[in-house]
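>
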Amino acid sequence: MTGPVLVFDQVRKSYGDHEALKGISFEIGQSEVVGLLGPNGAGKSTLFQIAAGLFAPDGGAVEVFGLDYKRHGSDILARLGVVFQARSLDLDMTVNANLKFHGQLFGLSGRLLASRIAEVTELLEVADLLKRPVRTLSGGNQRRVEIARALLNKPDLLLMDEPSVGLDATTRRKLVDHMQVVRAQQGTSILWATHLVEEVDHADRIVFIAKGEVTHTGTPAEILKTTGAASLTDAYVALTGGTDAHVEKVA
Numbered sequence: 001m002t003g004p005v006l007v008f009d010q011v012r013k014s015y016g017d018h019e020a021l022k023g024i025s026f027e028i029g030q031s032e033v034v035g036l037l038g039p040n041g042a043g044k045s046t047l048f049q050i051a052a053g054l055f056a057p058d059g060g061a062v063e064v065f066g067l068d069y070k071r072h073g074s075d076i077l078a079r080l081g082v083v084f085q086a087r088s089l090d091l092d093m094t095v096n097a098n099l100k101f102h103g104q105l106f107g108l109s110g111r112l113l114a115s116r117i118a119e120v121t122e123l124l125e126v127a128d129l130l131k132r133p134v135r136t137l138s139g140g141n142q143r144r145v146e147i148a149r150a151l152l153n154k155p156d157l158l159l160m161d162e163p164s165v166g167l168d169a170t171t172r173r174k175l176v177d178h179m180q181v182v183r184a185q186q187g188t189s190i191l192w193a194t195h196l197v198e199e200v201d202h203a204d205r206i207v208f209i210a211k212g213e214v215t216h217t218g219t220p221a222e223i224l225k226t227t228g229a230a231s232l233t234d235a236y237v238a239l240t241g242g243t244d245a246h247v248e249k250v251a
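Going by the UniProt record's numbering, the first residue of the sequence shown is number 1, and it counts up by one from there.
Given below as structure tokens:
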């Protein structure tokens, strides 16, 4: 395909009287890394769940790879990788068993599956943990296994909702570097939802949302120029009124 891999067009979603999304519109191009940045409660996770096909919007439209979920859900999911905010591994299975089960859902088997498992676990630096039950791992290592799992099918689009939950500063820094490798080697587009500014300061574009609305969008350089801020952290606070911006720098 030559068009955008993900399009939100005036997406709205409410829970009772609470309007979580108020007409969100933006798109992600091929091989583009977009940071979805906003304070807790801004609507990031709701938008993420709609992008992953878990929820349908109340209004507006979502297209993934030029397709809609109603008619082409299985086609979309086959090309999608997802890292949920909540943990979703089977704690009683080994790391290898978790990865094998997930890979088989995508039709992977035999040598190809073994090769993919080796590839993603080396990238995320958890290859030495393959034989261990997940419940024996630290929270940070469990998180890295979940990210490895999301890469097994070499997704064209990777959705990551607060992927660094449970990771220390050094591992978060490595995660940013790993995702740049994935984008460079596989051409994967990435939507990275977070409220930690340092995770997306190398993104191609950043979309700021607050109270269910897009407040600003642009490259990091454009955001800094628009706000006159000295750093993206300062720009974050200025544009969203956020008070939970993480100030530690990755680079």
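Where a beta carbon is used, it is the ideal one built from N, C-alpha and C, also for glycine.
Just so we're clear, the structure is a prediction, and the values are computed from it rather than from any experiment.
#1: With DSSP run on the structure shown, which of helix, strand or coil describes residue 256?
#2: In three-state DSSP terms, what is A210?
#3: Measuring CA to CA, which of Q180, D90, E19 is closest to G41?
#4: Go ahead and label Y69 buried or exposed: buried means 16 or more other beta carbons lie within 10 angstroms of its beta carbon, across all protein chains shown.
#5: Return the first residue and the last residue of the beta strand (DSSP E) that G60 is part of.
#6: Could you tell me which uninterrupted alpha helix (DSSP H) segments, each at least 4 residues in length, are contained entirely in the region 87-145, listed from first to last along the chain?
#7: Note down, in chain order, each residue of its chain lying with its Cβ closer than 8 Å to the Cβ of A97, except the 5 sequence neighbours on either side.
#8: Alpha carbon to alpha carbon, what distance is there between F208 and L239?
#9: For A193, does the three-state DSSP call read helix, strand or coil?
#10: In terms of alpha-carbon separation, which member of E122, S164, L191 lies closest to P155?
#11: Is A193 near V82, with beta carbons less than 8 Å apart?
#12: Output needed for S164: all residues of its chain with C-beta closer than 8 Å, excluding positions within five of it in sequence on either side, in chain order.
#13: What does the alpha-carbon distance come out to for the pair H178 and L123?
#14: For T2, would you say it is in contact with chain B, using Cβ-to-Cβ distances shorter than 8 Å as the test?
#15: Using a 10 Å radius around the Cβ and a threshold of 16 neighbouring Cβ atoms, would you call A245 buried or exposed?
#16: Would you mind stating whether I206 and L37 have Cβ atoms separated by less than 8 Å?
#17: Who does L12 pair with in a DSSP beta bridge?
#18: CA-CA distance, Q185 and S31?
#19: Would L159 be called buried (16 or more neighbouring beta carbons within 10 Å of its own) or exposed?
#20: Can you tell me whether DSSP reads G35 as helix, strand or coil?
#21: Taking N141 as the reference, which of N153, G228, V126 has the closest Cα?
The relevant details are as follows:
#1: The first residue shown for the chain is 1 and the last is 251, placing residue 256 beyond what the model contains.
#2: strand
#3: The candidate whose alpha carbon is nearest that of G41 is E19.
#4: By the neighbour-count rule (16 or more Cβ atoms within 10 Å), Y69 is buried.
#5: Element bounds for G60: 59-64.
#6: 95-105, 110-123
#7: D90
#8: 8 Å
#9: Correct three-state label for A193: strand.
#10: L191
#11: No, Cβ-Cβ distance for A193 and V82 is not below 8 Å.
#12: R143, T171, R172, L175, T194, L196, E199
#13: 7 Å
#14: Looking at the structure shown, chain B is missing, and only one protein chain is on hand.
#15: Caution is warranted here: a pLDDT of 44 is assigned to A245, below 50, making its placement in the model unreliable, and no coordinate value can be reported.
#16: yes
#17: First, the residue type needs correcting, since residue 12 is Arg and not Leu in the sequence shown. Paired residue(s): K22, G59.
#18: 10 Å
#19: buried
#20: strand
#21: It is V126 whose Cα lies nearest to the Cα of N141.
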